[in-house]
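Positions 70 to 370 (our numbering) are the ones given, in order, by the sequence shown.
One structure is given below, encoded as structure tokens.
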Amino acid sequence: MVPMEDINLHFTGDLHAIGAANNLLAAMIDNHIYQGNELDIQPQSISWKRCVDMNDRQLRHVVSGLQGRTNGVPREDGFEITVASEIMAILCLASDRNDLKTRLERIVIGFSYDRKPVTAGDLRAAGAMAAILKDAFKPNLVQTLENNPAIIHGGPFANIAHGCNSVIATKTAMQLGDYAVTEAGFGADLGAEKFVNIKCRTSGITPAAAVVVATVRALKMHGGVEKVDLDREDVSALEQGMPNLLRHLDNMTHVYGIPTVVSINRFPTDTDEELEKVSSLCQHHGTQSKYQMVGQKEEKV
């Protein structure tokens, strides 16, 4: 993707806006308690954390509000990674700006002393948060190195969040082209599950097909080959590692009922025999596979 240096760094500032909206709510929570706590928020029940766009373990669990009353009320606190924040998930799942604000209002930040949920709407924070996110809500158009248009919007981190890009980005792409390809982070046991069960259900999107990307190297590692030996041909280990890929295919075809193609991402050390083995086992399993023959014009399908 280009411009890759911008994409890999600050890009359009979306993450900064998400972090600012998240931390605005955190500041309003503590300020509300400091100013008299009209909503009777129990500090120990506050589940809303601050966030920072950095994987900083030191900030996961902290104590804030120290050094006297003028610096707030002491309580246990913590930081999340910005892409794993609830604001990121809300931005990605919102269908329009009104939906965005409604979802922000429903955020539960903690509970009162009588165990009633306290929301961002109760704190009157949603309007200001939505204002901060007004530009970040717009999808970002970039291109691939082959000059294909691509939209990068949101944080698809499936191990710590909802695992998909934004609904508005996908729907925009579907309106601008004959077909749209979108990514679900990680494997069919995590990213695809969140894509189907969360994004598709909330947005009404129905995928026409799925592509599971695999590599010979990863399959050989699943078969017991050490990383330093992955460059060597080992069809036997490859065959032993294939159940991992086939289980992903079962998830996609039998659990979700989506037609699935396996795309084999070829490395220079992959041999023709190894590629043929993966292809034949996929076809025997009832799934088509495809790989690009490096240095040649033909493709195997």
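Beta carbons: idealized from backbone N, C-alpha and C, even for Gly.
Note that the structure is predicted; figures quoted are calculated from it, not measured.
{"query": "Roughly how many angstroms lie between the CA atoms of Val297 and Pro337, to the nearest whole one?", "result": "15 angstroms"}
{"query": "Closest by CA to Ala89, which one among Ala197, Leu108, Cys351, Gln111?", "result": "Ala197"}
{"query": "Tell me which residue opens and which closes the alpha helix (DSSP H) that Ser59 is part of.", "result": "Residue numbering for the chain in the displayed model covers 70 to 370; residue 59 lies beyond these limits and cannot be assessed."}
{"query": "What does the Cβ neighbour count give for Asn320, buried or exposed, with the cut at 16 atoms within 10 Å?", "result": "buried"}
{"query": "On the DSSP bridge assignment, give the partners of Ser133 in chain order.", "result": "Arg144"}
{"query": "Let me know if Met362 comes out buried or exposed under the rule of 16 or more other beta-carbons within 10 Å of its beta-carbon.", "result": "Annotation note: pLDDT 42 at Met362 (below 50); position unreliable, no value reported."}
{"query": "Output the distance between the C-alpha atoms of Asn266 and Pro72, rounded to the nearest integer angstrom.", "result": "32 angstroms"}
{"query": "Report back the beta-carbon spacing between Leu162 and Val236 to the nearest angstrom; my notes put them in contact at under 8 angstroms.", "result": "6 angstroms"}
{"query": "Let's see if you can read the secondary structure: which residues bound the alpha helix (DSSP H) around Pro218?", "result": "Where Pro218 is concerned, there is no enclosing alpha helix (DSSP H), although the beta strand (DSSP E) it sits in stretches over 218 to 221."}
{"query": "How is the alpha helix (DSSP H) around Val297 delimited, first residue to last?", "result": "Val297 -> no alpha helix (DSSP H), and no H or E assigned at all."}
{"query": "Measuring only the C-alpha atoms, how far is Gly134 from Glu174?", "result": "25 angstroms"}
{"query": "So, do the region 224 to 244 and the region 130 to 144 have three or more beta carbon pairs nearer to each other than 8 angstroms?", "result": "no"}
{"query": "If we count the other Cβ atoms within 10 Å of its Cβ and call it buried at 16 or more, is Ser116 buried or exposed?", "result": "exposed"}
{"query": "Just checking, does the region 304 to 320 make contact with the region 266 to 277 on the three C-beta pairs under 8 angstroms criterion?", "result": "no"}
{"query": "Among the residues of its own chain, which have a CB less than 6 angstroms from the CB of Glu149, if the five just before and after it don't count?", "result": "Lys118, Cys120"}
{"query": "Quick check: what's the CA-CA separation for Pro218 versus Ser332?", "result": "21 angstroms"}
{"query": "Looking at the structure shown, is Asn92 part of a helix, part of a strand, or coil, going by DSSP?", "result": "helix"}
{"query": "In terms of residue numbering, what span does the alpha helix (DSSP H) encompassing Gln309 cover?", "result": "304 to 319"}
{"query": "From Asp122, Val142, Thr139, Ala277, pick the residue whose C-alpha is nearest to that of Tyr248; which is it?", "result": "Ala277"}
{"query": "To the nearest angstrom, report how far apart Glu368 and Glu252 are at their CA atoms.", "result": "With a pLDDT of only 45 at Glu368, under 50, the local geometry of the prediction cannot be trusted, and the value read off the model is given with reservation. About 23 angstroms."}
{"query": "Helix, strand or coil for Gly260 per DSSP?", "result": "helix"}
{"query": "Exposed or buried, which one is Val142 when buried takes at least 16 other CB atoms within 10 Å?", "result": "exposed"}
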